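Single-structure report; data block below.
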Amino acid sequence: MGEAEVGGGGAAGDKGPGEAATSPAEETVVWSPEVEVCLFHAMLGHKPVGVNRHFHMICIRDKFSQNIGRQVPSKVIWDHLSTMYDMQALHESEILPFPNPERNFVLPEEIIQEVREGEPPGLERTPGVPRCRPPPWAFSERQLLHRKSDY
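The numbers in the sequence shown follow the numbering used here, run straight up by one, and end at 1424.
This is the structure in structure tokens:
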């Protein structure tokens, strides 16, 4: 669509999580009406709120960067959207796409008791019989021959 005007901003080494290093010229976008229209076109079909907001932002960033002909970090887009919208309120008002009630986890009492006693109840152990047969590769040939006589 249109070329975005860019101004100097941050250091060349500054980068957000998952962002490649950008040159100083790519850090700040001058948000003209044409550039904002490119952003809104990139946002079609993608809502940068809710549990999948970061995945949607990747799509928005890629489309927006392609539309204006420059690589733009996601942080620049997040910052600009935050000047236009209360992103935190939008995120909190978003309905989860699946039920996700929050509740405290309680370990069943029988498991706690098993751990305290050291062995699960109902597991009788015969003296002299190993609990499980170790894999054959765990022993040398001599040890393996000796162990075969135990079974």
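Backbone N, C-alpha and C define an ideal beta-carbon position, used for all residues, glycine too. Note that the structure is predicted; figures quoted are calculated from it, not measured.
So is residue i buried or exposed if we call it buried at 16+ other beta carbons inside 10 Å?
i       : result
Ile1341 : buried
Ala1298 : Low local confidence applies: a pLDDT of 47 at Ala1298 is under 50, so the model's placement there is unreliable, with the coordinate-based value given in what follows. The residue in question, Ala1298, is exposed, as its Cβ has fewer than 16 Cβ neighbours within 10 Å.
Val1388 : exposed
Asp1315 : The residue asked about is misnamed: residue 1315 is Ala in this sequence, not Asp. Flag for Ala1315 reads buried.
Ile1384 : exposed
Leu1380 : exposed
Leu1317 : exposed
Ile1331 : exposed
For a test of the three-state rule: what should DSSP assign to residue i, helix, strand or coil?
i       : result
Val1302 : strand
Thr1295 : At Thr1295, the pLDDT of 48 sits below 50, so the modelled position is not reliable and the matter cannot be decided from this model.
His1319 : coil
Arg1343 : coil
Asp1335 : helix
Who are the Cβ neighbours of residue i in its own chain at under 6 Å, not counting the five residues just before and after it?
i       : result
Ser1305 : none
His1319 : His1329, Cys1332, Ile1333
Ser1347 : Met1330, Arg1334
Using C-beta distances below 7 Å, list every residue in its chain close to residue i, excluding the 5 sequence neighbours before and after it, in chain order.
i       : result
Glu1367 : Val1322, Gly1323
Can you name, in chain order, every residue of its own chain whose Cβ lies under 8 Å from the Cβ of residue i, other than the five neighbours on each side?
i       : result
Met1360 : Pro1321, Val1322, Trp1351, Leu1354
Taking residue i as the reference, give the member of the options with the closest Cα.
i       : options                            : result
Val1310 : Gly1391, Phe1378, Ser1338, Arg1376 : Ser1338
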